[in-house]
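One structure is given here, and the rest of the page talks about it.
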Amino acid sequence: MSRPSPPLWRGNWNAASAEPSMTSTDVLLGLGDDIRFSVATAAHQTLRRRTEYRWPQQDRLGARPARQFMGPGTETITLDGVIHPLDLRLYPAGDGWDQVPRLRAVAAAGAPLLMTSGLGEVLGWWVITDIEETQAVGWRGMARTIEFRLELAHYGSEGPAAP
Numbered sequence: 003m004s005r006p007s008p009p010l011w012r013g014n015w016n017a018a019s020a021e022p023s024m025t026s027t028d029v030l031l032g033l034g035d036d037i038r039f040s041v042a043t044a045a046h047q048t049l050r051r052r053t054e055y056r057w058p059q060q061d062r063l064g065a066r067p068a069r070q071f072m073g074p075g076t077e078t079i080t081l082d083g084v085i086h087p088l089d090l091r092l093y094p095a096g097d098g099w100d101q102v103p104r105l106r107a108v109a110a111a112g113a114p115l116l117m118t119s120g121l122g123e124v125l126g127w128w129v130i131t132d133i134e135e136t137q138a139v140g141w142r143g144m145a146r147t148i149e150f151r152l153e154l155a156h157y158g159s160e161g162p163a164a165p
C-alpha cells in the first residue's frame, strides 16, 4: 500500500493501521491563504454542511400543485470550534487570543476564499457570512476557552473574477 501525498498532508504514517496519524501541525481545513484550522490554531470540532435544492411549486387548475426542479440552491457550511488560549503547549507564543480576530479581519476583507480539506480536496469558493464567539472567562478576566461558530456560504462554482 502506498503512502498518500495530498498537498496539505503533514501527518505521520502509521504502518500498523495503514492509516495516517494526526500531529499538532496538521491542517484540518484551509480557507484562503490565511486561515488554517488545526490543533495548533483554531480547531473546529464539527463541520455541518447544508445543501438546498430548488423545487418551486406550480399551481394547476383542478389538480394538486406540481413541482419543477430548478437546480441546486444555497449551500452553507457551519464550523463550530473551541480555542484554549491559556494552553501554552498549543500556543507557545501566547497568540491563542488572536484566532477569532484574525477570522474577523479576513471576513472584513470581503473576498471569496478557496476552501481545501486537510487531505487536499478542493471544496470550492466560500464567503464568511457570520462569526460568533463565546468566551468562558477565568483568572483576571482572561478567556479560559473561546468557543466560535463560523458560517460560510458557497460563493459560486466559477470563483471570483480576475482583477
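In this text, residue positions in the sequence shown follow the working numbering: the first is 3, and each later residue adds one.
Each residue gets a CB set at the ideal place from its N, CA and C atoms; glycine is no exception.
- Under the criterion of beta carbons closer than 8 Å, residue 45 and residue 99 do not qualify as touching, at roughly 15 Å.
- Per DSSP, the beta-bridge partners of residue 55 are 74.
- Taking residue 124 as the centre and dropping the five residues before and after it, the same chain places the C-beta of 116, 117 and 118 closer than 8 Å to its C-beta, in chain order.
- With fewer than 16 other beta carbons inside 10 angstroms of its own, residue 162 counts as exposed.
- Around the C-beta of residue 81, 16 or more other C-beta atoms lie within 10 Å, and the residue is accordingly described as buried.
- Under DSSP, residue 104 shares a beta bridge with no residue.
- Looking at 66, 147, 58 and 120, the one whose alpha-carbon comes closest to that of residue 101 is 147.
- Under the three-state reduction of DSSP, residue 113 is assigned to coil, being neither helix nor strand.
- The alpha-carbon of residue 32 is positioned some 10 Å away from that of residue 121.
- Counting along the chain, the unbroken beta strand (DSSP E) around residue 66 starts and ends at 65–69.
- In the three-state reduction of the DSSP assignment, residue 83 falls in the strand class.
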